[in-house]
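Protein chains in written order, with the working numbering: chain A, 1 to 375; chain B, 376 to 750; chain C, 751 to 1138; chain D, 1139 to 1526. Here a beta-carbon is modelled for each residue, glycine too, at the ideal position from N, C-alpha and C. For clarity, every value in this text was computed on a predicted model and none was experimentally measured.
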């Protein structure tokens, strides 16, 4: 990976160590019940205690300004934290809250809004998440949930789903359709008229379905309006999700590589079979492309690079495709054992499919990149 | 391949034997000059003497009715003749004349037209070809060459290129844009106002560029009007070209397989390397799909199957893709020697690229298939 | 003429005996599933009727519970079943795998003991071949079988045993000689109710519990349960795997077109095409390959009937698994977030089924000889490529 | 500070000496091409200026024709050349491959004999490594080199020797011991004007005649022309191939975007997109991979500067050849029939160049270690996968 400075190296080592010690894949597995699906009682779909632990170490405040208790350490640093955590499928709302919600407040929030929310998001006492999707596909330019102007405020009606980490969130950043286009509103989870229910998803992460039934908000709930703000927030979501996919794919590859080095068939380590060696080498190449794309996009966030939209879509599309391919190969190369719920391969495959769809499929991002680059 | 009846088996054996004895790849190679391109003096781009020879054996009359000296043996039979001949890249106008031109006259011609032309096409004394394309891409629904109604006839203005085997053809079946859409006209090569010049193409087959400069034709030149006739003729072209690609790809594969069985590196026959074995096995699978698609489309012609348009595009798209892939692998697996003009691999690759574009690229046929099948 | 008469006879009998409520039902869902079978009175009626008639195993001798019919007649029965949306309720591991094996390698005593109860589906069989350390390299299996004088003693573990938790008997490969690899394997019939046998279902990533691990702890097996000679089991297994491969190539290959669901989920453009052009290109590509695959199955079958090469099963299997797996991924992609559900009414039932089907499809390139094994076979048998 | 001063000095000298007419010219087209070089008076002036200055081989000692500069200074020269669209006219097999080899393994006598005339490009060198039977498996080379007392006698054949028909000298791997493989190879300098040497250009599928076969028929070579010890040539070759690999990774990777030509050739839809959606999807996919590839080159370079793993060259080469070959195919596909021409005004010059480039690109995954060899290397070195 890219060259890190001393502080970044320390942070990365600390994260790796913590993941190794505290966050084995078995934690993600614990969200599943015996039949391989989500556990009914694990309502939040993430590990609250572990999130409190990493928040205490400051990871939830990496992107937040120092004035609000953050370290203002930058998206690049938060990116490799997300990547490391995703290696073990860590069920944590760091992307939703520390990357996306914090970015939304930094990009759109006025001083009062930032004061009201950033400290809590940074110290992990509040979990924020973006509520943008409404149907089967990520379609931020075709919002249905309406934000109607009412006296001194707004009235919201409609649904949002799936909302990542929405069952444990205290703050929703809701993308709605206002009279002047996209409108972003801050909606505390306990607002009257807002109800939520968990979705039983294949990755056991249990995103929420939110129902807005005449939810009335004050003017102070308005974070901002217009496509540019929504796009800027989404670019952070795209890149953060890509970083998670990179971590997931990297670990899936390494676990598979370990298996190739230990599994014997026909009196040989299967990793000595040339056909498998070449497939592994090709996968390694895809991982290199993906890592470059993700790191370049993370750096572009910190550099306020005007190319960010293009770089973000490149990163997400590459990460989608590579994680897809490697999780398929992970199951295939493990053979029968990879088909069992007892083995990790299925967990990686299921989580990958969810993360591939989250914040835009490969089709979505290739189309976006193509338009941005004049194809 | 599909099960043949006794007569078909005899024909196929005869063709194979003739190709082996009379039509080695060196004949196609002879069309190239030392620098790897087309030879200036080989104006027709095909072997006239060899065509006379196979015509004498009746192959040019396989699709023609018995009343006109043909054997009416069917498209399926002509298909495997095309396939066998394409194995050695035989530079012969059998597809243009015996498949496409004969089909055009059978499908559209009145009794007088059939009498005038079919006997010559069947016995090989005349070579016919379809002049449909005008620019870089096959676009039969966007013709520019105009057929204007004049007294007792038609006036043609425009160009056609590339016209396969056009430098040696005696009859052009010209697809023009008339007032009522596509109009097909019979244009003898010596018609006043029609000029032709050879194109120096990578496969050294030297198709023609035709210029129609106020070419006036009588009413008897009109073969027919409307999309259905043009489409029906083109379906035969698609399938015939696919059969050639199948033959080309099959031989490219077998030649490569032979090399894998004889070339030694690192003290091993390279065909013993598992990575190459698996690639060869995958290619073999693609060849199977392609053979099935081509044979089914050929059979559909003989059965007047209403599914022919869909089956024809399936065959051409599959054949394009398989020939493309296998000719790439042919060069790659032969290594350095495959890069030399002296070796056959380059000839297969170049001929494949031409045949892939001829009568519609993979994109064209996938789009056509998709529309026909409701995608 | 006689064929035509027989066909009419079959039609008449079916119209009198096939319960119309079962029309179009997938017979396979009843395989090894005691609950579904028990739940269906119609199914039991139908199975009994077919068993009594001997038409579940139509070519077997009547002494073995069959109907003593010709292959041509058996085909007529299959065609007529299919024509009315019916199915063979007797079809099972017993009829497809063990039956042909006993007919070829078994003793008359073994045939009389087992075949009649297979032909009525009275006893269910499972296949004990794979072991944790012997997957693709099946012949490296280690399950011990020791001669204890008047009986065998079997110890070890099998895995990927379909329906072992529901099965009454198991035909297994066991090791009777550890000094040689292929030549030390024997073919043994084991009563699953014997003391020391324990079958544990394996939970798959799709949630299915169809496969089991089976543990054998000093299980006593009568001497007469060995099929063929001692240490000759590998030849029987190879033959039996041919039955398996040929039944694999009969797998239902027709699938619902993706077009309607893609139109619904991705929208259409002004010309009525799937609006997401990138997804459309991949869907169309897959659909065309699927169409060519169906043509290939037809061609191979036709060639096989006419004595063709018949060495294409490995190629077919790899094409099939590749195309079907890709299609399953595309369907879930098209479904988007709807295709990511595990349970609950928030997800349409069709979508949940598609998701499970995607997960299940990953096994297609693993079981019955993995993609890699099939390509090794193709390289050697079909292409004649050299060994290392 | 000193750097800044040196940079200014370089700028001043370049502005006085670089012929403006050569701005933006690809220096590589002059490599091994006597005709092009002779045709360009400017080029000769430029080469002589750089040779006199010693800046074609800036880090070499002045005694060897260099300028005795530091690596940092050499980099400044390279940056300033690039900044004004200039190029190093001395760069050649001699400077990139043989020079570093002689500096590391040669005798002082050999250095003094050859390096000065390499630094002026007075003599051109070719590399005699591959043989017809030794491609990927280079160490299996067979060209005989026999000790004839006061000289060597060399017999055999080399192939894929770039510019051998234009070269004055050849550095070759020869076999001095047939009883061992790697340990029987020596590294020899051969004067191409020696009796018995014959170079024949090979016509490639792209029409290029850059590569040659070279035949050696009992060629006498002085004893002093051996570099390193007898039978120690393989170690030198391995080192030299590293120079080659690192120069490969510097290959120009920027390409013109396909979008404008695709718009022109395939048309656009109502939203200005490439109208052929299937081709567009494939073009976009390739363009995105190309973008990620460029990011990867930058990342690897940055990591290498900071002492990173540096074992990614094989991976880079395979990614690069795959992406560039695919792009070349896409360009010709987009050009349609226009992309199928060999010569003649009926085909646009750009299109003809694209066609030749496609054919030429097929070599990218063959030379300098084939795709297969690179994947073997990646599997072992980067992934630590076991040998068989």
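Can you check which of these residues, B/393, B/619 and B/500, is closest to residue 666 of chain B by C-alpha distance?
Selected option, being the one with the closest Cα: B/619.
Residue 1031 of chain C: contacting residues in chain D (beta-carbon distance under 7 Å):
The answer, in chain order, is 1415, 1416 and 1419.
Taking beta-carbon pairs under 9 Å, can you tell me which members of the region 1435 to 1464 of chain D lie near chain B?
Cβ contacts with chain B come from 1463.
Kindly give me the distance between the Cβ atoms of residue 1040 of chain C and residue 971 of chain C, rounded to whole angstroms, as I take these residues to be in contact under 8 Å.
For residue 1040 of chain C against residue 971 of chain C, the beta-carbon gap comes to about 46 Å, at or over 8 Å, which does not count as contact.
Using a threshold of 8 Å, state whether the C-beta atoms of residue 650 of chain B and residue 274 of chain A are closer than that.
Result yes, Cβ atoms of residue 650 of chain B and residue 274 of chain A sit closer than 8 Å.
Output, in sequence order along the chain, the residues in the region 1190 to 1203 of chain D whose CB is closer than 7 Å to any CB in chain B.
Going along the region 1190 to 1203 of chain D in chain order, one finds no residue with a Cβ nearer than 7 Å to chain B.
For residue 704 of chain B, collect the residues of the same chain with a Cβ closer than 7 Å to its Cβ; drop the 5 residues on either side in sequence, then sort them by chain order.
Within the same chain, residue 704 of chain B has close Cβ partners 631, 654 and 658.
Along the region 635 to 664 of chain B, what residues have a CB closer than 9 Å to any CB found in chain A?
The residues in question are 648, 649, 650, 651, 652, 653 and 654.
Just reading off the beta strand (DSSP E) that residue 128 of chain A is part of, what are its end residues?
Taken as a continuous stretch (DSSP letters only), the beta strand (DSSP E) holding residue 128 of chain A covers 128 to 131.
Indicate whether at least one CB of chain B lies closer than 8 Å to the CB of residue 1471 of chain D.
Under the 8 Å criterion on CB atoms, residue 1471 of chain D is classed as interfacial with respect to chain B.
At a CB-CB cut-off below 7 Å, which residues of chain A make contact with residue 1295 of chain D?
Under the 7 Å cutoff, chain A gives no residues; its nearest Cβ is about 29 Å from residue 1295 of chain D.
Residue 1144 of chain C - DSSP class collapsed to helix/strand/coil:
Residue coverage of chain C in this structure runs from 751 to 1138, which leaves residue 1144 of chain C outside it and unanswerable.
Within the region 1225 to 1312 of chain D, ranges of the alpha helix (DSSP H) (whole runs, at least 4 residues):
For the alpha helix (DSSP H) assignment, the uninterrupted runs of no fewer than 4 residues enclosed by the region 1225 to 1312 of chain D are, from N- to C-terminal side, 1237 to 1243 and 1246 to 1257.
Neighbourhood of residue 265 of chain A by C-beta, 7 Å cutoff - its chain only, sequence neighbours within 5 removed
Within its own chain, no residue has a Cβ closer than 7 Å to the Cβ of residue 265 of chain A once the five positions on either side in sequence are excluded.
Between residue 667 of chain B and chain C, is any beta-carbon pair separated by less than 8 Å?
With a threshold of 8 Å between beta carbons, residue 667 of chain B makes contact with chain C.
Contact criterion: CB-CB distance below 8 Å. Does residue 729 of chain B meet it with respect to chain D?
Answer yes: the Cβ-Cβ gap between residue 729 of chain B and chain D drops below 8 Å somewhere.
How many angstroms separate the CA atom of residue 1259 of chain D from the CA atom of residue 1231 of chain D?
Straight-line Cα distance between these residues: approximately 10 Å.
Could you spell out the range, first to last residue, of the beta strand (DSSP E) harbouring residue 1480 of chain D?
For residue 1480 of chain D, the enclosing beta strand (DSSP E) covers residues 1479 to 1481.
Neighbour flag for residue 558 of chain B against chain D, beta carbons, 8 Å:
No, residue 558 of chain B lies away from the interface with chain D (no Cβ there is under 8 Å from its Cβ).
For residue 1368 of chain D, which residues of its own chain have a beta-carbon under 6 Å away from its beta-carbon, when the five flanking residues on both sides are left out?
Once the five neighbours on either side are set aside, the close Cβ partners of residue 1368 of chain D are 1314 and 1324.
Does any CB atom of chain A fall closer than 8 Å to the CB of residue 1170 of chain D?
Because residue 1170 of chain D sits at a pLDDT of 44, beneath the cut-off of 50, its placement in the model cannot be relied upon, and the point is left open.
Does residue 823 of chain C come out as helix, strand or coil in the three-state DSSP assignment?
In the structure shown, residue 823 of chain C adopts helical secondary structure according to DSSP, grouped into three states.
Would you report the Cα separation of residue 578 of chain B and residue 734 of chain B, rounded to the nearest angstrom?
So the alpha carbons of these two residues sit roughly 16 Å apart.
Which residue's Cα is closest to the Cα of residue 1181 of chain D: D/1332, D/1257 and D/1161?
Residue D/1161 is the option with its Cα nearest to residue 1181 of chain D.
Please classify residue 1034 of chain C: does DSSP put it in a helix, a strand, or coil?
Assignment of residue 1034 of chain C by DSSP, reduced to helix, strand and coil, places it in the helix class.
From what residue to what residue does the alpha helix (DSSP H) around residue 807 of chain C run?
Element bounds for residue 807 of chain C: n/a, residue is neither H nor E.
Does the structure place the region 727 to 744 of chain B close enough to the region 678 to 693 of chain B that three or more beta carbon pairs sit under 8 Å?
Under the three-pair Cβ rule at 8 Å, the region 678 to 693 of chain B counts as touching the region 727 to 744 of chain B.
How big is the Cα-Cα spacing for residue 1092 of chain C and residue 200 of chain A?
Their Cα atoms are separated by approximately 6 Å.
Residue from C/1102, C/884 and C/948 whose Cα sits closest to the Cα of residue 967 of chain C
That would be C/948, whose Cα lies nearest to the Cα of residue 967 of chain C.
Taking the straight line between their C-alpha atoms, what separation do you get for residue 1487 of chain D and residue 1222 of chain D?
Roughly 27 Å separates the two Cα atoms.
Cα-Cα separation, residue 1418 of chain D to residue 110 of chain A:
Each residue's Cα considered, the two are about 43 Å apart.
If we ignore side chains and look at the alpha-carbon of each, how far apart do residue 192 of chain A and residue 215 of chain A end up?
For residue 192 of chain A and residue 215 of chain A, the distance between alpha carbons rounds to 6 Å.
Could you tell me which chain D residues have their CB closer than 7 Å to the CB of residue 374 of chain A, listed as they occur along the chain?
Result: 1397.
For residue 533 of chain B, which of B/569, B/700 and B/524 has the nearest alpha-carbon?
For residue 533 of chain B, the nearest C-alpha among the options comes from B/569.
Could you tell me which of B/642, B/482, B/646 and B/622 sits nearest to residue 633 of chain B, measuring between CA atoms?
Ranking B/642, B/482, B/646 and B/622 by Cα distance to residue 633 of chain B puts B/646 first.
Residue(s) in a DSSP beta bridge with residue 936 of chain C:
For residue 936 of chain C, which the question treats as bridged, DSSP gives the partners C/924.
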